[in-house]
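Numbered as in our numbering, the sequence shown ends at 215 without a single skipped number.
Glycine is no exception: its CB is placed at the ideal position from the N, C-alpha and C atoms.
One structure is given here, and the rest of the page talks about it.
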Amino acid sequence: METIIKEKIKNYIPPAHWDFLLPFYDIGCVLLGFGKNFRWRIIQHLGLCGTERILDAGCGTGTLLTMLKEIHPSVVAVGLDPDEKALQIASHKSHRNNANIILHCSTMDNMPFENNSYDVIVSSLVFHHLQKDNKLVSLKECLRVLRPGGRMLLVDFGPPRPYIVARILSRLFSLFEPIEDGVEGRIPELMLKAGFSKVNEDEKYLYGITIYKGYK
Ligand SMILES: C[S@@+](CC[C@H](N)C(=O)[O-])C[C@H]1O[C@@H](n2cnc3c(N)ncnc32)[C@H](O)[C@@H]1O
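Structural data, given as structure tokens:
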């Protein structure tokens, strides 16, 4: 296991929006319905054969990566996130689970990877943390590091469902985070604009959270 930190990153929205809430991020996810079942569904949608190089862009506290390595021990699992403290939690978690994961402290708009270096990219609950003018740039960067034929799963707010609860929640979120592109259904359009092909909606989850897939 390795954590690579080249520079301190500022100007990003941390996992639980405020740093002091980070210790409660994992339990908050479980209480809101984004626990193991949610991660399990994402892993199923990834459709891995088990030997891929996979990047979790905005991996946060590393829950998805750790589960991935448990299920597919031979994948090369790399996580990237600008939040050093979240990466520390991810590192402890993977250590506890004996999962060999490489962690990079960086942002999605400028990733320290070669062109065409991943078979699969997954990014869950990150898109609404990216500033409006940073979303397209970040998607283009994902496309750059994905190998031709590779796929990206982007999981984030889509148009709200069930309507009332989702609408209230997304309104609440929009007070703090740039969520509009998601709830207004513009993620597929942005993925296509970035250069992804065969963009489709794989599944809807709670509160309108949607799994989008696109290919290079
Ligand atoms: C709500 S958390 C989701 C974490 C994890 N993917 C999950 O599903 O639990 C959003 C994550 O996006 C990260 N983030 C914020 N801005 C980012 C950026 N520009 N590039 C990459 N990650 C970013 C945050 O640090 C945080 O870990």
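{"Asked": "Would you check if the stretch 33-48 and the stretch 112-132 touch, i.e. whether three or more CB-CB distances between them fall below 8 Å?", "Found": "yes"}
{"Asked": "Look at the alpha carbon of Leu142 and the alpha carbon of Asp108, and state the distance between them as a whole number of angstroms.", "Found": "11 Å"}
{"Asked": "Which term fits Phe175, buried or exposed, when burial requires 16 or more other beta carbons within 10 angstroms of its beta carbon?", "Found": "exposed"}
{"Asked": "Tell me whether Leu197 is buried or exposed, calling it buried when 16 or more other Cβ atoms sit within 10 Å of its Cβ.", "Found": "Reading the sequence as shown, one finds Lys at residue 197 and not Leu. So Lys197 ends up on the exposed side."}
{"Asked": "Just to confirm my understanding: we take Pro81, look at its own chain, exclude 5 residues before and 5 after, and list those with CB closer than 7 Å. What are they?", "Found": "Ile8, Tyr11, Cys104, Ser105, Thr106"}
{"Asked": "Is it right to say Val144 is buried, meaning 16 or more other beta carbons lie within 10 angstroms of its own, or is it exposed?", "Found": "buried"}
{"Asked": "Tell me whether the stretch 17-24 and the stretch 39-49 touch, counting them as touching only if at least three CB pairs, one residue from each stretch, are closer than 8 Å.", "Found": "no"}
{"Asked": "Got a sec: is the Cβ-Cβ distance from Ile163 to anything in chain D below 8 Å?", "Found": "The chain labelled as chain D is not found in the depicted structure, where only one protein chain is given."}
{"Asked": "Looking at Ile88 and Phe63, is the spacing between their C-beta atoms short of 8 Å?", "Found": "One detail in the question is off: residue 63 reads as Leu in this sequence, not Phe. Taking 8 Å as the Cβ cut-off, Leu63 and Ile88 do not qualify as a contacting pair."}
{"Asked": "With DSSP as the reference, please indicate the residues paired to Leu54 in a beta bridge.", "Found": "Val77, Ile120"}
{"Asked": "Flag Leu102 as yes when its Cβ comes closer than 7 Å to any non-hydrogen atom of ligand 1, and as no otherwise.", "Found": "no"}
{"Asked": "For Arg150 and Ile163, what's the separation of their Cα atoms in angstroms?", "Found": "33 Å"}
{"Asked": "Report yes if the C-beta of Pro14 is less than 7 Å from at least one heavy atom of ligand 1; otherwise report no.", "Found": "yes"}
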